[in-house]
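Asker:
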């Protein structure tokens, strides 16, 4: 009897999942004694992934160190935060610095003028 009930429940759950409009997951609901020692409602379905939203912020080290004090400046209190340093941008800037050449010629200060 239990095997027939289990087979009927699985079959009914499969048919229900297939006929549901635009169902993106398969769901099987079982009631009663499913296995010896397992009673009640058992739901077998695709798990829903839980993604945590991460906010990426460029902040000075002092703000990173004491984030609880400065999080409201960035509007990110109570959120997952990742701090980044934009070294790539700083390395891409090419500042023109004139090169200093060694002073190679001699001054003749010992000449009488």
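In our numbering, the protein residues as written are 8 to 120. Backbone N, C-alpha and C define an ideal beta-carbon position, used for all residues, glycine too. Just so we're clear, the structure is a prediction, and the values are computed from it rather than from any experiment.
What residues are listed by DSSP as bridge partners for residue 62?
Answerer: Looking at the DSSP assignment, residue 62 forms a beta bridge with 88.
Asker: Give the range of the alpha helix (DSSP H) segment to which residue 68 is assigned.
Answerer: Taken as a continuous stretch (DSSP letters only), the alpha helix (DSSP H) holding residue 68 covers 68-72.
Asker: I need the straight-line Cα distance from residue 78 to residue 57, nearest angstrom please.
Answerer: If you draw a straight line from the Cα of residue 78 to the Cα of residue 57, it is about 24 Å long.
Asker: May I have the straight-line CA-CA distance separating residue 68 from residue 60, to the nearest angstrom?
Answerer: 22 Å
Asker: Closer than 8 Å: is that where the CB of residue 58 sits relative to any heavy atom of the ligand FAD?
Answerer: Within the structure as shown, the ligand FAD is missing, as the structure has no ligands at all.
Asker: Roughly how far, in whole angstroms, is the beta-carbon of residue 62 from the beta-carbon of residue 88, given that I think they are within contact range, below 8 Å?
Answerer: 5 Å
Asker: Which of the three DSSP states is assigned to residue 26 in this structure?
Answerer: A caution first: residue 26 carries a pLDDT of 47, below 50, which makes its placement in the model unreliable, though a value can still be read off. Helix at residue 26.
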